[in-house]
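One structure below.
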Amino acid sequence: MARSHDDGGEGREATKALRGEDDRRVARGTGLRKKDKKRKRRSANAAKALPPSPAPSQEEHRATSSADDGFDYRLLQRMRDIVAMQANSEPAAEQFQRLTGERDYSLENTFGDSDDGSLESLQARRVALLVSKSIASLSSYAGAKRVRVCSGFVMLQTDNTGTSMILTSATLVRSLNGDNNVMPNVKVKVLLSDGHITDGHIFLVDFHYNVAVVKVAADLALLEVVHLKGTTHNGAVLALGRAYEGGNLMCSRGQVVNQTSTFGCSELLVSSCKISMAGSGGPLVNYNGQVLGINFYEKNQTSYLPMPIVSRILEQHRSFGKTISPWLGLKYTSLHMMPLSVLERIYQKFPDVDQGLYISNVAKGSPADVAGLSDGDVLVECNGKVLSTAPEFGAMLLDVCTEHLEATGECAGKTIIVEVVIKRPGDGSTVSKTIAAEMLKESHYNRWPAPMPSYKVRVISIGV
């Protein structure tokens, strides 16, 4: 019994000890919580004394959430920074270094559909080979970095023996930020049909029509230019180009189609040929090997500037040292390219009108606006000549400028008088208008895309 009593006393003592330890733990916890509350109150009071922190920007939010939505917004911001670079304040080589880093890249994608063994492809190959000596590839360089690749073709030979002029796209040398300037300190290399690479010298750049001429020290074969009434061609065509890497001739088959270009130049026509960026500046030819125009890459089609426009640009530069063109403030499209719903409204008022130019936009305050032209009018005559296509109208306007400059010897600050006849489907009237056209300024230039170079990693085999 005594033993049992002693055990119970030890148990009670142990219980008290445990309870005392629990009380001390609770007290310690309570003290910690009180200290924590005091720290929080001090932090809150300090935060009140400070100005509020700015909310994260949209770009910061995107950068932190890119892992959630699967899109790398940091890459998007980097590309925006590149586009915002000022070409005149930073050498092109430094811009390009920021873009590419130190990796080895290949710039171009090839194109072509002339190797499928069909009868059509055999015919296309014969034509391509016939004119191949006139097709070149041009590459622009910023320092040691290759920037863009375009195709080109021989259009002129100079008075100096052994020198030729190659027509190409102005995209080749357009500044990286997309404005109407040549990349500073840009160099051009030209790959000829025999595989020889030579220096190219920029001779002419027209950012309004997006064409350039590069002079090379080589005696090259000329392409024959076909001059068509109405500046259009109906039938099969070929888009040609040359790859800079490997020098392969590229050929794509297609047709001239009644579609409009996505670019801002009203004089452009469209073919169904499929090319790549490396084909921009190359020729569109018929199956006689005659050149119809200069190609420009679009995603699902190929637009081209007809040779009657190009020939006038080259002639003006040869005669006056520059390109001159009037500005009317109009956007227009050939009637045969307009949707049926638009044509029906015109036909209801003018059933005999099957050609002309549909005016889709008149710039506010422009010479055309001042003269009284409106959206929806149809241009049917210019200076007494019947109009059928947009390139034809563009060629007429260039001729008007040439005649004015030859007669007066000047064009700066002058107006060019253009007489037009329009039909108005709204009220069925036919009206003559006189437009006092201004000389074209840079702010009125056609808008062209200036794509950043499209790169793909080139696999390099390194021996061990």
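Just so we're aligned: 450 in our numbering is position 114 of the sequence shown, and the numbers increase by one with no gaps anywhere.
The beta carbon of each residue, even a glycine, is placed where N, CA and C say it ideally should be.
| Item | Value |
| --- | --- |
| Three-state class that DSSP yields for S470 in the structure shown | helix |
| Residues of its chain near S702, where Cβ-Cβ distance is below 7 Å and the 5 sequence neighbours each way are ignored | L664, G665 |
| Exposure of L723, with buried meaning 16 or more beta-carbon neighbours within 10 Å | buried |
| Cβ neighbours of T638 in the same chain (closer than 6 Å, five flanking residues each side left out) | A575, S607, C609, I611, N631 |
| Segment contact, 8 Å Cβ cut-off, at least three pairs: the stretch 479 to 490 with the stretch 588 to 603 | no |
| Per DSSP, the bridge partner or partners of C486 | L474 |
| Within 8 Å, strictly: CB atoms of S476 and V549 | no |
| Spatial neighbours of G625 in its chain, beta-carbon cut-off 8 Å, leaving aside the 5 residues before and after | V463, L466, V467, L559, E560 |
| Bridge-paired residues (DSSP) for M732 | M732 is not bridged to any residue. |
| Backbone CA spacing between G448 and E755 [nearest angstrom] | 45 Å |
| Residue nearest to P761 in terms of C-alpha spacing, selected from T598, K635, L679, M732 | L679 |
| Counted within 10 angstroms of its Cβ, other Cβ atoms place N584 as buried (16 or more) or exposed | exposed |
| One or two residues paired with D449 in a DSSP bridge | In DSSP, D449 forms no bridge with anything. |
| For A579, three-class secondary structure by DSSP | coil |
| Helix, strand or coil at Q591 according to DSSP, with G and I counted as helix | strand |
| Coarse secondary structure for P662, derived from DSSP in three states | strand |
| Three-state secondary structure (DSSP) of E778 | helix |
| Reduced DSSP category for G536 - H, G, I as helix; E, B as strand; rest coil | strand |
| Coil, strand or helix - M643 by DSSP | helix |
| Burial state of G536 (16 or more Cβ within 10 Å) | buried |
| Exposure label - R783; buried when at least 16 CB within 10 Å | exposed |
| Residue from T534, L741, Y633 with nearest C-alpha to S588 | Y633 |
| Residue interval of the alpha helix (DSSP H) (run including V678) | 676 to 685 |
| Meets three-Cβ-pair contact criterion under 8 Å: the stretch 522 to 533 and the stretch 648 to 657 | no |
| Exposure of I645, with buried meaning 16 or more beta-carbon neighbours within 10 Å | buried |
| Nearest to K551 (by Cα), restricted to the options S597, T596, A460, A472 | A472 |
| Where A460 falls: helix, strand or coil (DSSP) | helix |
| Short Cβ contact (8 Å threshold) for A726 with T669 | yes |
| Test item: CB-CB of L733 and S661 under 8 Å | yes |
| Whole-angstrom distance between N546 and V757, CA atom to CA atom | 30 Å |
| Where H740 falls, given that 16 or more other Cβ within 10 Å makes a residue buried | buried |
| Simplified DSSP state of L620, which is helix, strand or coil | strand |
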